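Engineer: When we follow this note's numbering, the leftmost residue of the sequence shown carries the number 616, and every step to the right adds one. For glycine and all other residues, C-beta sits at the position ideal for the given N, C-alpha and C. Computed from a prediction, not measured in an experiment: that's the story for all the values here.
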Amino acid sequence: MQGQTEKYNEEQDRENTLKMREVLEDLPKFCRQFFRGIEQTTLPRTRLAYAYDLRVFFEFMKEENPSLKNMEIHDFPISVLEQIEKEDIEEFLEYCTYYEKDGKVFTNDEKGKARKLSSVRKMFHYFYCSGLISRDVAEKVPLPKQHEKPIIRLEPDEVATLLDQVEKGTALSRNEMRFHNRTVKRDVAILTLMLGTGIRVSECVGLDLSDVDFKEDGIRIHRKGGYEAVVYFGEEVEQALKDYLEERREIIPQEGHENALFLSLQNRRITVRAVENLVKKYASRVTSLKKITPHKLRSTYGTSLYRETGDIYLVADVLGHKDVNTTRKHYAAIEEDRRRSAANIVKLREEVPDSVKEEAHRAEAGTSSGSASSSRK
Numbered sequence: 616m617q618g619q620t621e622k623y624n625e626e627q628d629r630e631n632t633l634k635m636r637e638v639l640e641d642l643p644k645f646c647r648q649f650f651r652g653i654e655q656t657t658l659p660r661t662r663l664a665y666a667y668d669l670r671v672f673f674e675f676m677k678e679e680n681p682s683l684k685n686m687e688i689h690d691f692p693i694s695v696l697e698q699i700e701k702e703d704i705e706e707f708l709e710y711c712t713y714y715e716k717d718g719k720v721f722t723n724d725e726k727g728k729a730r731k732l733s734s735v736r737k738m739f740h741y742f743y744c745s746g747l748i749s750r751d752v753a754e755k756v757p758l759p760k761q762h763e764k765p766i767i768r769l770e771p772d773e774v775a776t777l778l779d780q781v782e783k784g785t786a787l788s789r790n791e792m793r794f795h796n797r798t799v800k801r802d803v804a805i806l807t808l809m810l811g812t813g814i815r816v817s818e819c820v821g822l823d824l825s826d827v828d829f830k831e832d833g834i835r836i837h838r839k840g841g842y843e844a845v846v847y848f849g850e851e852v853e854q855a856l857k858d859y860l861e862e863r864r865e866i867i868p869q870e871g872h873e874n875a876l877f878l879s880l881q882n883r884r885i886t887v888r889a890v891e892n893l894v895k896k897y898a899s900r901v902t903s904l905k906k907i908t909p910h911k912l913r914s915t916y917g918t919s920l921y922r923e924t925g926d927i928y929l930v931a932d933v934l935g936h937k938d939v940n941t942t943r944k945h946y947a948a949i950e951e952d953r954r955r956s957a958a959n960i961v962k963l964r965e966e967v968p969d970s971v972k973e974e975a976h977r978a979e980a981g982t983s984s985g986s987a988s989s990s991r992k
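(1) Mind checking S734: buried by the 16 CB within 10 Å criterion, or exposed?
(2) At 3 residues or longer, what runs of the beta strand (DSSP E) sit wholly inside the region 766 to 792?
(3) Can you give me the C-alpha to C-alpha distance between T785 and E654, rounded to a whole angstrom?
(4) Leaving out the 5 sequence neighbours to the left and right, which residues in its chain are closer than 8 Å to L669 when beta-carbon positions are compared?
(5) Is the number of C-beta pairs between the region 870 to 881 and the region 818 to 834 that are closer than 8 Å three or more?
(6) Is the beta carbon of L769 sitting closer than 7 Å to the one on T915?
(7) May I ask you to verify whether the region 698 to 717 touches the region 622 to 637, counting CB pairs closer than 8 Å and requiring at least 3?
(8) Roughly how many angstroms lie between the CA atoms of P868 and E923, to the nearest whole one?
(9) So is K755 buried or exposed if we call it buried at 16+ other beta carbons inside 10 Å?
(10) In terms of alpha-carbon separation, which member of L806, K896, I767 lies closest to Y946?
(11) Are the CB atoms of D802 and K781 within a distance shorter than 7 Å?
(12) If you run the structure through DSSP and keep just helix, strand and coil, what is R835?
(13) Please classify T798: is it buried, with 16 or more other beta-carbons within 10 angstroms of its beta-carbon, or exposed?
(14) The alpha helix (DSSP H) spanning K896 covers which residue range?
(15) Between T620 and D826, what straight-line distance do the alpha-carbon atoms span, to the nearest angstrom?
(16) Roughly how many angstroms lie between the CA atoms of F672 and F707, to the nearest whole one?
(17) Rounded to a whole number of angstroms, what is the C-alpha to C-alpha distance between L658 and L822?
(18) Under three-state DSSP, which class holds Y714?
(19) Buried or exposed: which applies to E973, given that a residue is buried once 16 or more other Cβ atoms fall within 10 Å of its Cβ?
(20) With H, G and I counted as helix, E and B as strand and the rest as coil, what does DSSP make of E630?
(21) Give me, in chain order, the residues of the same chain whose beta-carbon lies closer than 8 Å to that of L693; leave out the 5 immediate sequence neighbours on both sides.
(22) I'd like the span of the alpha helix (DSSP H) that includes K677, first residue to last.
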C-alpha cells in the first residue's frame, strides 16, 4: 500500500529530474557542482525551480555584460561570480519585472522576484562556503518587500452554492453538460474533499485508491515537504467519496494508472491542470468577483476551521504548515476580528437591568420624601 503512494511521487520526481538535466545544459558547467551539493537537502522540483531561475539570471548577465557577450553560457568560468556586483543583481531584479523571451512576455511581482533572488543567493552562498569564491555579493541584496494581499476565500453560502452547481450543473452550457453527466460524481468528490480537508491540489491528484481508509475516515497524502501524513475527513466527504468509488470500480484505467483514485475522461490519473480547470469552470458560475482556484478552496477550509476552533496550531497542523507563523500570517485578518471582539467580552461592572434601576430610583425617591417629612416634624 505504501509503495503505491510513493510510486506516483517518485514518478513526479523522475520527470523533474529529467527536466533538470535539460536545463543544466543551458547553465554554466560549475552549476552542476551546486546542484549536487544541495541534492540531499532539497526536492527535485525545488532544484528544478532554482535551475529555471538561474537560467534567466545567466541569460541576463550574458546580455548585459560586454565581456560575456561572445561566450556561451555553458562555458562561463566560476570566476564570473567574482565579477558580479550588487548593482548587477539589483538590475537583474528590475529586469525580471518585465521581459520578453522567444516571443513570450514574462512578468514577476515582488513574490516572483524574491524567489529568483533566493535562487541566486543560494548559489552564491554555496560557492562562498565551499571556498570557491571570495565574497558573497548576493547576500548584500535585500529581498523585495512583499505586500500582503487579502486572502480570497468562499463564504459559507458560496460554498453551498458551488457544491450545488457541481451536482446539478444548471449554469453550464449544453456542451459542458455532456461531459458533466460523465464526471459529476468525480467532480463532487474532488471539490468536497478539497473543501472538507484543505489538502493541496497536488496532494489530491496524487491519491491512490489504497490511500482512502473509511474505517479511520482518513486519507494518506504526500506532503509538500516530502513526508507522508494522514488527514481526517467528515461525513460529507465520506459520502461523496463513497458515491464516486461505486462508479470508479466500474472504470478500467489505462495501464500504469490502475491505482489512481481520481481519473480523467481518458481513464488516466487526473492532472493538476485538469483540477484547476474544473474548479475554475464551476466557480465562475458562482461568483464573478472572486478568482477561485484550488488554493482558494484550501484557504476557505483553513478560514472555516480557524473560525470554529480559534486554534491556530490546529489549523497549521491540519494544513501541513511547518511554521505556525505562516498560518498566522494567512489568517491575520480573522485574528484581528477575534481580538476586536474581545473588547466586549470582559465586563468591569455588571450591567444593571432598566427595571431594577427604575425600582431603585423609586425607592430612593421614597426615602428622600420620608426624610423630608421627619425634618418638618
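Structural biologist: Reading it off the structure:
(1) By 1-based counting over the sequence shown, the position of residue 734 is 119. Answer is buried; the Cβ neighbour count reaches 16.
(2) The qualifying runs do not exist here; there are none.
(3) As a working note, residue 785 is residue 170 in the sequence shown. As a working note, residue 654 is residue 39 in the sequence shown. Rounded to the nearest angstrom, the two C-alpha atoms are 50 Å apart.
(4) Taking the first residue of the sequence shown as position 1, residue 669 is located at position 54. So the list reads L642, C646, S734, V735, M738, once near-sequence residues are dropped.
(5) With the cut-off at 8 Å, the region 870 to 881 and the region 818 to 834 touch.
(6) The residue given as residue 769 occupies position 154 in the sequence shown. The residue given as residue 915 occupies position 300 in the sequence shown. Going by C-beta atoms, L769 is nearer than 7 Å to T915.
(7) Output reads no: the region 622 to 637 does not touch the region 698 to 717.
(8) As a first step, residue 868 is located in the sequence shown; it is residue number 253 there, counting from the start. As a first step, residue 923 is located in the sequence shown; it is residue number 308 there, counting from the start. When rounded, the distance between both Cα atoms is 40 Å.
(9) Your numbering for residue 755 matches position 140 in the sequence shown. Only exposed fits K755, as fewer than 16 other CB atoms lie within 10 angstroms of its CB.
(10) Stepping through the sequence shown from its first residue, residue 946 is reached at position 331. Residue I767 is the option with its Cα nearest to Y946.
(11) Here the question's residue 781 lines up with position 166 in the sequence shown. Here the question's residue 802 lines up with position 187 in the sequence shown. One detail in the question is off: residue 781 reads as Val in this sequence, not Lys. Yes, they are a contact pair.
(12) Translated into positions along the sequence shown, residue 835 becomes position 220. R835: strand per DSSP, three-state reduction.
(13) In the sequence shown, counting from the first residue as 1, residue 798 sits at position 183. The residue is buried, with at least 16 neighbouring Cβ atoms inside 10 Å.
(14) Taking the first residue of the sequence shown as position 1, residue 896 is located at position 281. 887 to 898 is the extent of the alpha helix (DSSP H) around K896.
(15) Here residue 620 refers to the residue found at position 5 when the sequence shown is read from its first residue. Here residue 826 refers to the residue found at position 211 when the sequence shown is read from its first residue. Because T620 carries a pLDDT of 46, less than 50, the predicted location of this residue cannot be relied on, and the following value inherits that uncertainty. In a straight line, the C-alpha of T620 is about 7 Å away from that of D826.
(16) Translated into positions along the sequence shown, residue 672 becomes position 57. Translated into positions along the sequence shown, residue 707 becomes position 92. Taking the straight line joining both Cα atoms gives about 7 Å.
(17) Here residue 658 is taken as the residue at index 43 of the sequence shown, counted from 1. Here residue 822 is taken as the residue at index 207 of the sequence shown, counted from 1. C-alpha separation (whole angstroms): 19 Å.
(18) The residue you call residue 714 lines up with position 99 of the sequence shown. Reduced to three states, the DSSP call for Y714 is strand.
(19) Residue numbering aside, residue 973 sits at position 358 when the sequence shown is read from its first letter. Taking all protein chains in view, the Cβ of E973 is surrounded by fewer than 16 other Cβ atoms within 10 Å, so the residue is classified as exposed.
(20) As a working note, residue 630 is residue 15 in the sequence shown. When secondary structure is reduced to three states using DSSP, E630 falls in the helix class.
(21) Here residue 693 refers to the residue found at position 78 when the sequence shown is read from its first residue. In the sequence as displayed, the identity of residue 693 is Ile instead of Leu. Result list for I693: P643, F645, F742, L747, I748, in chain order.
(22) The residue given as residue 677 occupies position 62 in the sequence shown. 659 to 679 is the span of the alpha helix (DSSP H), which, as asked, contains K677.
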